[in-house]
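Just so we're aligned: 337 in our numbering is position 113 of the sequence shown, and the numbers increase by one with no gaps anywhere. Ideal Cβ positions, reconstructed from N, Cα and C, are used throughout, including at glycine.
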Amino acid sequence: MWWKWTAPGIGNVTVNTRGSNFDTVLGVYTGSSVAVLSAVASNDDVNAATVRTSSVTFNSSTGMTYFIAVDGKAGVQGTIVLGLSFASTAPPPVFTTRPLTRSLIVGNSVTFQAVATGNGSVTYQWKRNGVAIDGASGPTFALSSAALSDNGFYEVSATDLNGTASSSFLVHVAPAGLAVAGWGYDLYGQASSFPGLTSVVAATGGYTHTLVLKADGTVVGCGTSGFPESIVPAGLSGVVAIAAQGNTSMALKSDGTVTVWGSNNYGQNTVPTGLAQVIAIATGSNHCLALKADGTVVAWGDNTWGGTTVPTGLNGVVAIDAGTDHSIALKADGTVVVWGQNINYGSVAPPSGLNGVVAIAAGSYHNLV
Ligand SMILES: [Ca+2]
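The structure is reproduced here in structure tokens:
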């Protein structure tokens, strides 16, 4: 008896006659006709002493048609049960265009685009905060009139015959008409020098400086102009997120690249070569973190306490933050990973068994979830 089966991709294939009620012989072949078949694998008994059905395992090629022959040993006959399992060993789709983080004001519109190549056609699904968005199953996703409720962590998954790959990004939606007010330590004007700033979408501060992100993607630095951390690089535009701590300033651009300025006492202004596809940023006093769209984290700058030693294999990250010397990451599974521990101020390791976390925040030498 002959069957034929065409492999959907490269993978491990197992064919067996388990359940057949007689002593089988099994062979798998390729070829254009019966006259020119070449054997791929064959088997008589799974176990010669006890199991007289047959099983073979082989590696398939994409689109290859396999001819499967089952016979009775020495001419015996019976009922054939044929089983076939296929486990893809091919990589899932690869994103060639990833949607990246955007910052906008309520009522504005934005369209995100994903392009992935894979084995055959690729299907897409967009999610917000881990929940599939109804009807969002094409390569583009639009917020036609952004609302505060659209704030969140987004993912797009791309699925083909081999599997699924995901890419993530953030949407920051700010109310219209925001301005900034400050108070407190103001020796350098860091709490007061906001010269009529409007259309603000975010503000943050370090020791003695303040950064304000405007809806047009520009950044304003406040504080004494003699401090490099408050001097925004000329021409900086397209910014979607800002971070500041100590004497370090950081900006994430809509193209997924990062710009750092400030004291540079630990080389934190030197962004790693080729760093791209970043969706979120955080800075400690002297080190920097970047979360990439593929869920991995890149760190650089001061590593005195290991704050830039990202744990090997860390992935599935959805949020990052940094304390003075340490770094913290939240994973999609609700667990938290911390690295870089200042022994002068004690351990910042998460409590044993901590899970179900939805947000993180790093203090100078402590963490909150
Ligand atoms: Ca047999």
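Check                                                                                                                      : Outcome
Heavy atom of ligand 1 within 8 Å of Arg242 beta-carbon                                                                    : no
Min CB distance His550 to chain D below 9 Å                                                                                : Here chain D cannot be found, since the structure has a single protein chain.
Distance cut-off 8 Å: Ser266 Cβ against heavy atoms of ligand 1                                                            : no
Residue range of the beta strand (DSSP E) that includes Leu437                                                             : Thr434 to Lys438
Sequence-distant residues of its chain with Cβ nearer than 6 Å to Trp350 (five each side left out)                         : Ile357, Ala360, Phe365 and Val380
Thr248 beta carbon near ligand 1 (any heavy atom closer than 8 Å)                                                          : yes
Terminal residues of the beta strand (DSSP E) in which Asp295 lies                                                         : Thr289 to Gly296
Own chain residues within Cβ distance below 6 Å of Gly480, not counting five before or after                               : Leu324, Ala500, Gln501 and Val502
Within 9 Å, strictly: CB atoms of Gly441 and Val463                                                                        : yes
Supposed contact pair Gly498 and His511 - C-beta distance, whole angstroms, cut 8 Å                                        : The Cβ separation is near 19 Å, so there is no contact.
For Tyr569, the three-state DSSP class (helix, strand or coil)                                                             : helix
Proximal residues to Ala426 (C-beta, below 8 Å), its chain only, five neighbours per side dropped                          : Ser327, His396, Ala398, Val436, Leu437, Ala465 and Ile466
For Gly564 and Gly519, the rounded distance between their alpha carbons                                                    : 20 Å
Cα-Cα separation, Thr281 to Gly331                                                                                         : 57 Å
Whole-angstrom distance between Gly445 and Ser473, CA atom to CA atom                                                      : 9 Å
Under 9 Å between C-beta atoms of Tyr409 and Gly470                                                                        : no
Cut-off 7 Å between Cβ atoms - residues of its own chain near Ala371, not counting five sequence neighbours on either side : Val330 and Val397
Check: Ser279 C-beta below 8 Å from any heavy atom of ligand 1                                                             : no
Whole-angstrom distance between Ser576 and Ser244, CA atom to CA atom                                                      : 51 Å
Contact set for Ser312: own chain, Cβ-Cβ below 6 Å, skip 5 residues either direction                                       : Gly233, Gly235 and Asn386
Val581 beta carbon less than 9 Å from that of Leu554                                                                       : yes
Residues of its chain near Gln301, where Cβ-Cβ distance is below 8 Å and the 5 sequence neighbours each way are ignored    : Phe246
Any non-hydrogen atom of ligand 1 closer than 8 Å to Arg352 Cβ                                                             : no
Closest Cα partner of Asp320 within the set Gln337, Gly362 and Ala546                                                      : Rather than Asp, the amino acid found at residue 320 in this sequence is Thr. The shortest Cα separation from Thr320 among Gln337, Gly362 and Ala546 belongs to Gln337.
Of the listed residues His433, Pro452, Val318 and Ser416, nearest to Thr388 (C-alpha basis)                                : Val318
The beta strand (DSSP E) enclosing Ile544, as first and last residue numbers                                               : Val541 to Ala546
Ile567, buried or exposed, once every other Cβ within 10 Å from all chains shown has been counted against 16               : exposed
Endpoints, beta strand (DSSP E) assigned at Val443                                                                         : Val443 to Cys446
Contained beta strand (DSSP E) runs [length at least 3] in the stretch 450-489, N- to C-terminal order                     : 463-469, 472-477 and 482-486
Proximity test, Asp557 beta-carbon vs ligand 1 heavy atom, cut-off 8 Å                                                     : no
Other residues of its chain near Val456: CB distance less than 6 Å, five sequence neighbours each side excluded            : Val443 and Gly445
Other residues of its chain near Asp545: CB distance less than 7 Å, five sequence neighbours each side excluded            : Ala506, Ile552, Ile584, Ala585 and Ala586
Coil, strand or helix - Ser345 by DSSP                                                                                     : coil
Spatial neighbours of Thr254 in its chain, beta-carbon cut-off 8 Å, leaving aside the 5 residues before and after          : Leu261, Ser262, Val264, Met288, Thr289, Tyr290 and Phe291
Backbone secondary structure at Ser373 - three-state DSSP                                                                  : helix
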